[in-house]
Amino acid sequence: MTLISDLPPELLPCIAGHLHAAVDVVRFHAVCREWRDALRYLPRRPSFLPWLLAPWPTPDDDTTTYHAPGLGIRDKRVAHYDGGASWFVGGLFVNPLTGRAAACAVDDPYLSDWIDNEGSRCIFSGDGTLLTCCFYDAGPPLSIYGAIWCPDYQQVWKRLGDADSDERACAVAYHDGAAVCVDLARCYVHEIGGPAAGDQTTFLPLPDEPGKVRRRSYLLELRGELLLASVLQDAGCTDDDDDDDDDRLSVSVHAFDLVAALNALDQLDAAVDGAGGGDPPSPSVWEKMDGATGDHVLFLGYPRSFAVEAARYGGEVPGGSAYFVGRSKPCRVYRCSFEDDGTAATLVDTLPAGWNDERCMWFLPEPDIAPVIGART
Numbered sequence: 000m001t002l003i004s005d006l007p008p009e010l011l012p013c014i015a016g017h018l019h020a021a022v023d024v025v026r027f028h029a030v031c032r033e034w035r036d037a038l039r040y041l042p043r044r045p046s047f048l049p050w051l052l053a054p055w056p057t058p059d060d061d062t063t064t065y066h067a068p069g070l071g072i073r074d075k076r077v078a079h080y081d082g083g084a085s086w087f088v089g090g091l092f093v094n095p096l097t098g099r100a101a102a103c104a105v106d107d108p109y110l111s112d113w114i115d116n117e118g119s120r121c122i123f124s125g126d127g128t129l130l131t132c133c134f135y136d137a138g139p140p141l142s143i144y145g146a147i148w149c150p151d152y153q154q155v156w157k158r159l160g161d162a163d164s165d166e167r168a169c170a171v172a173y174h175d176g177a178a179v180c181v182d183l184a185r186c187y188v189h190e191i192g193g194p195a196a197g198d199q200t201t202f203l204p205l206p207d208e209p210g211k212v213r214r215r216s217y218l219l220e221l222r223g224e225l226l227l228a229s230v231l232q233d234a235g236c237t238d239d240d241d242d243d244d245d246d247r248l249s250v251s252v253h254a255f256d257l258v259a260a261l262n263a264l265d266q267l268d269a270a271v272d273g274a275g276g277g278d279p280p281s282p283s284v285w286e287k288m289d290g291a292t293g294d295h296v297l298f299l300g301y302p303r304s305f306a307v308e309a310a311r312y313g314g315e316v317p318g319g320s321a322y323f324v325g326r327s328k329p330c331r332v333y334r335c336s337f338e339d340d341g342t343a344a345t346l347v348d349t350l351p352a353g354w355n356d357e358r359c360m361w362f363l364p365e366p367d368i369a370p371v372i373g374a375r376t
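FYI, the numbering for the sequence shown is 0 to 376, going by numbering that gives the first Met the number 0.
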């Protein structure tokens with residue numbers, strides 16, 4: 000039997016590069032020194048496959064039973080634009096796997112209360128800005144309030160507008176100085192300190208999808224652009240939790256031109272001031288991007304979505320695809336390939352009983368693996 004120590008050095012990094020489950024890497028790391036030393040020859044650290052975290056159960060929900068055991072304090076999940084996550088505990092943003100706190104901390108009790116508020120969404124964008132927002136059912140529409148906390152501005156607490164859809168169908172993001180919210184039909188933009196500031200509801204229509212019905216809207220950042228990813232269903236299907244129509248799902252991706260959108264809102268403000276009314280303009284703010292994501296894989300979830308280079312997974316996760324959780328009982332995980340024009344979603348897995356809420360959070364784990372000191376094997 001060939002000893003591990005006799006294997007060619009270039010083979011060990013090849014093996015290590017195909018270990019993307021955190022538990023497999025820990026086992027790999029613990030086998031022997033040669034395997035551990037092989038990690039240093041990798042061009043980059045192995046990328047772990049994302050974990051899927053169930054929503055925190057509400058007081059009225061006793062069916063969601065999958066949560067971290069042994070927590071003696073309330074935790075608040077904070078999503079990051081790149082797939083990372085932190086827990087907001089005692090004013091600190093703590094890595095749930097390493098226990099290390101980020102350099103930034105919140106010392107404003109008012110902001111801390113809103114971050115920790117049940118039902119709030121907390122998201123770090125690529126420039127380090129934290130957006131936390133809540134949806135209030137004014138019956139209808141939903142009123143959206145949010146706090147924006149970033150290095151370049153003082154804390155900003157604003158009413159971000161209204162949404163006509165269920166909160167579950169809405170996504171929010173902070174991008175290039177503006178808070179953006181999308182539901183199933185519209186995009187709402189709130190520019191910090193700009194002409195769209197205040198309590199006026201301003202919106203732009205989402206791109207049309209002929210023959211399709213938009214079931215979910217997601218926002219994510221890729222190459223400095225803000226993308227809209229839409230989970231679509233063939234027209235005529237029902238959005239019933241218990242039916243089988245959810246296998247007729249697909250995904251489309253559009254880039255959002257924020258500058259054009261803000262210019263359109265300025266024109267709308269001028270039209271309202273000059274003529275006392277008017278319909279929102281329909282500028283060209285959406286660009287179809289399905290074919291431009293071929294080297295990335297998208298993970299669409301709540302409260303934030305993200306993209307990862309497919310090459311980081313050594314071909315085990317196909318590029319030009321999107322993963323999302325479909326609403327059913329129990330929920331199901333789907334993959335949609337843009338190589339097929341995004342026309343067919345494939346069932347990947349059915350989640351265990353109790354996962355009845357599709358608002359799951361994708362999370363890229365980055366555990367610290369302690370060195371193993373021992374005799375050579």
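Using N, Cα and C, we set each Cβ at its ideal position, and we do this for glycine too.
Check: Can the beta-carbon of alanine 254 be found closer than 9 Å to that of leucine 225?
Finding: yes
Item checked: Residue range of the unbroken alpha helix (DSSP H) whose run includes aspartate 182 -> No alpha helix (DSSP H) holds aspartate 182; DSSP gives it neither H nor E.
Next item on the list: Can you give me the start and stop residues for the alpha helix (DSSP H) that serine 111 sits inside?
Entry: 108-114
Next item on the list: Put threonine 292 into one of helix, strand or coil per three-state DSSP.
Entry: In the displayed model, threonine 292 falls within a helix according to three-state DSSP.
Margin query: Can you look up histidine 66 in the DSSP assignment and give me helix, strand or coil?
Written below: Reliability of the predicted coordinates at histidine 66 is poor, the pLDDT of 44 falling under 50, and the value obtained from them is presented with this limitation in mind. Of the three classes helix, strand and coil, the one that applies to histidine 66 here is coil, per DSSP.
Next item on the list: Write down the C-beta distance between isoleucine 147 and threonine 128 rounded to the nearest angstrom, noting that I regard them as a contact closer than 8 Å.
Entry: 6 Å
Next item on the list: Give the single residue among Asp106, Asp107, Ile122 whose Cα lies nearest to the Cα of tryptophan 86.
Entry: Ile122
Checklist line | valine 171 burial status per 10 Å Cβ neighbour count (16 or more: buried) | finding: buried
Item checked: Supposed close pair serine 124, tyrosine 80 - CB separation, criterion 8 Å -> With a Cβ gap of about 5 Å, serine 124 and tyrosine 80 count as contacting.
Checklist line | Three-state secondary structure assigned by DSSP to valine 258 | finding: In the three-state reduction of the DSSP assignment, valine 258 falls in the helix class, which pools H, G and I.
Check: Using the C-alpha atoms, what's the distance from threonine 349 back to phenylalanine 337?
Finding: 22 Å
Check: Helix, strand or coil: how does DSSP classify arginine 303 here?
Finding: coil
Notebook entry, point to check: How is aspartate 233 classed by DSSP in three states: helix, strand or coil?
Noted result: strand
Note to self: Taking a contact to mean a Cβ-Cβ separation below 9 Å, would you say tyrosine 173 touches valine 181 in this structure?
What the structure shows: no
Next item on the list: Could you spell out where the beta strand (DSSP E) holding cysteine 103 opens and where it closes?
Entry: 100-104
Notebook entry, point to check: Can you name, in chain order, every residue of its own chain whose Cβ lies under 8 Å from the Cβ of threonine 345, other than the five neighbours on each side?
Noted result: Tyr333, Arg334, Cys335, Ser336
Check: What three-state label does DSSP hand alanine 53 in the structure shown?
Finding: Reduced to three states, the DSSP call for alanine 53 is coil.
Checklist line | Beta-carbon gap between valine 296 and valine 324 smaller than 9 Å | finding: no
Note to self: Quick check on this structure: which residue in Leu219, Leu48, Ala184 has the alpha carbon closest to the alpha carbon of glycine 300?
What the structure shows: Leu219
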